[in-house]
Structures are given as C-alpha cells and as structure tokens.
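**Q**
Numbering (my numbering), first residue to last: 1 to 303.
#1: In three-state terms, what does DSSP make of residue 63?
#2: I want to know whether the stretch 247-263 touches the stretch 183-197 - three or more CB-CB distances under 8 Å.
#3: I'd like the ranges of any beta strand (DSSP E) spanning at least 3 consecutive residues and lying wholly in the stretch 180-219.
#4: For the candidate residues 272, 84, 230, whose alpha-carbon lies nearest to that of residue 196?
#5: Expressed to the nearest angstrom, what Euclidean distance is found between the alpha-carbon atoms of residue 120 and residue 52?
#6: Could you pull the start and end residues of the beta strand (DSSP E) that residue 286 belongs to?
#7: Since residue 220 and residue 276 are thought to touch, with beta carbons under 8 Å apart, how far apart are those beta carbons, to the nearest angstrom?
#8: Suppose only complete runs of 3+ residues qualify. What are the beta strand (DSSP E) ranges in the stretch 99-148, listed by chain order?
#9: Could you tell me the distance, in whole angstroms, from the CA atom of residue 90 to the CA atom of residue 81?
#10: Using CA atoms only, rank isn't needed, just tell me which of 44, 235, 198 is closest to residue 130.
#11: When burial is assigned at 16 or more other CB atoms within 10 Å of the CB, is residue 289 buried or exposed?
#12: In its own chain, which residues sit with a C-beta less than 6 Å from the C-beta of residue 322, not counting the 5 before and 5 after it?
#13: Would you give the residue range spanned by the beta strand (DSSP E) that residue 68 belongs to?
#14: Compute the Euclidean distance between the alpha carbons of residue 111 and residue 136, then round it to the nearest angstrom.
#15: According to DSSP, simplified to helix, strand and coil, what is residue 231?
#16: Starting from residue 85, follow the alpha helix (DSSP H) in both directions and report where the run begins and ends.
Here it is as structure tokens:
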C-alpha cells in the first residue's frame, strides 16, 4: 500500500500537484474485530474498530501485547480493551509476537532471555520493526493518527511495551506496561539495577505502569527470573531520570485497594506513574479507564 501511494504521489507531482488525499479507512466495520495480516511474513493482528468510528477521520491506536506464550486474540479478550475502545473511539491492535513457543508466542526484547531461557538472536523476528511497520501501514490507509499511537501489554508484553518506550519513542506517544515495567535490561554485573546503556529514548516518554504487590512472577520487589531482577521502583526512578522529572509524587490511594506513586514536573509533560493493586497478582490489574485518560492527554510531538 505504501509503495502504491508513493507511486501515485510521484505521478501527481508530474502534473504539478504536491499532495495526495488519503482514502477513507476500510480496515473493518465499526464495532467489529477481525484478523488482519501485516508485514512481509503476514503476521496475524486482531484489529478492533470502535463503535461510531468515522472512516474519514483517523483515530488513535492502542497496541495491546500479550504475555509470554500467549496470543493477540487471548489478550484482546482478557484485557477488555475493545469495550474501552468502543466507549472512547480508539482502534485496538492485538498482534501475535514473532517467536513461536508451544501454542503461543514470545516477544523479542534483544539481549534478554525469553521464558524458554533462550536469548533471541539475529534469526528471530524483529518485533519493534514489525510494530512500527503496522503503524505506518494503518496510517497510510487513513485509519490511524500516527501522533496518537500507544502501547500496553501484560507481563512479557509489558516488558515489550517498556522496550518500545526505550527504542521507539519516535513512534509511540506513551506506554502503559501491566505487571511488566522495565527501564532497560538488568546490568550484567549488578542485576538489581537497570543498565542505562540499554534504554536511551529519543525523547521523554510518558509512562503509566500497573502492578500487583502479590505478583510472584514479576515481583515489584525485584528478584525472579533473569529478565526481571530489579525492582519496579528502580524502573520508575530510571524513567524519571530519563524524563527529567523534578518532583516525587506523594503516595495517593485512589481506592481502598489501589495506590498511585511516581514522578511529576517532567520534561514535555512526560510523567511517570505507578498504580499498584494491594494483593494483586500476575494478571491484568490495569484500570482501563485510567490508562486511556493518561493516553488521551498525550500525543507525540511532530518533527
């Protein structure tokens, strides 16, 4: 599609026209979810188009990334983000990761072992490139406002979401890891701290992260598997440094079982927020309405 649009633009330029109007989006019917193949390997992505969607008006896009061993279809169902999208008018994309494992897939976070214990190599799919290409294809079709693209994900998908914040800040406006906040790989010599060399976003990245204090898989206290190691607080602190935050937010109880912490007065409004559920485990503990409110208040600066 991009190649066709480029050829069309070249042809019109020969007649003195300098721009091409994008066609109306035909990705799917409003209120419906369908499987769409993207990229050279025709990877499956579940696309949910919100109720009331105007095909002539590009919409915000939220990626929801499944946990290790999962699928896009399963996380779209379990997160209930399609229902949130219907209320607020954003498109949801739930892709399968690029590395098959058992009956599902795992994400390629370079230098970090997956749940199989293997570190992805050059032969494995480049998930960052695939997600960026998906954004570009949807934007080229007039479906998506590419200044309002966001990512969230569960567990391994949360770690992949964090990685997007580190390496694709030129494409994503904000990220919201769920039981998976990281700020780069653990240091090899001191895994209780993030390695600053492995997370260098090109601009401040707004972050809202959700976790449960009873999670024993990715514990907020650190430890766990080699891909985890450092605490959630260490990840928040590192993002605050990257975003130039000047203020530590006081702990705020937003309900009887959920408290909020983080950092404010950050460059370009790139706040860092952690929402922790008391007795919450390794599951979708996100408040979708709070997540969308955080996303909706932010767009990616245009170059």
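The beta-carbon is built from N, C-alpha and C at its ideal position, and this holds for glycine as well.
In this text, all values refer to a predicted model and were calculated from it rather than measured experimentally.
**A** Quick answer:
#1: In the structure shown, residue 63 sits in a strand (DSSP, three-state: E or B).
#2: Inter-segment contact for the stretch 247-263 and the stretch 183-197 is absent: fewer than three beta-carbon pairs are separated by less than 8 Å.
#3: DSSP runs (the beta strand (DSSP E)) wholly in the stretch 180-219: 207-212.
#4: Out of 272, 84, 230, 230 has the C-alpha closest to the C-alpha of residue 196.
#5: If I take the Cα positions, the gap works out to 41 Å.
#6: Boundaries for residue 286: no beta strand (DSSP E) harbours it, and the DSSP string shows neither H nor E there.
#7: Between residue 220 and residue 276 the beta-carbon gap is near 7 Å, inside 8 Å, which marks them as a contact.
#8: Within the stretch 99-148, the complete beta strand (DSSP E) runs of at least 3 residues fall at 99-101, 104-106.
#9: Going by the C-alpha atoms only, they are around 10 Å apart.
#10: For the residues 44, 235, 198, the minimum Cα distance to residue 130 belongs to 44.
#11: Under this definition residue 289 is an exposed residue.
#12: Residue 322 is absent from the structure shown; the chain starts at 1 and stops at 303.
#13: Counting along the chain, residue 68 sits inside no beta strand (DSSP E), nor does DSSP assign it H or E at all.
#14: Looking at the backbone, the Cα of residue 111 and that of residue 136 are separated by about 26 Å.
#15: Of the three classes helix, strand and coil, the one that applies to residue 231 here is coil, per DSSP.
#16: 81-88 is the extent of the alpha helix (DSSP H) around residue 85.
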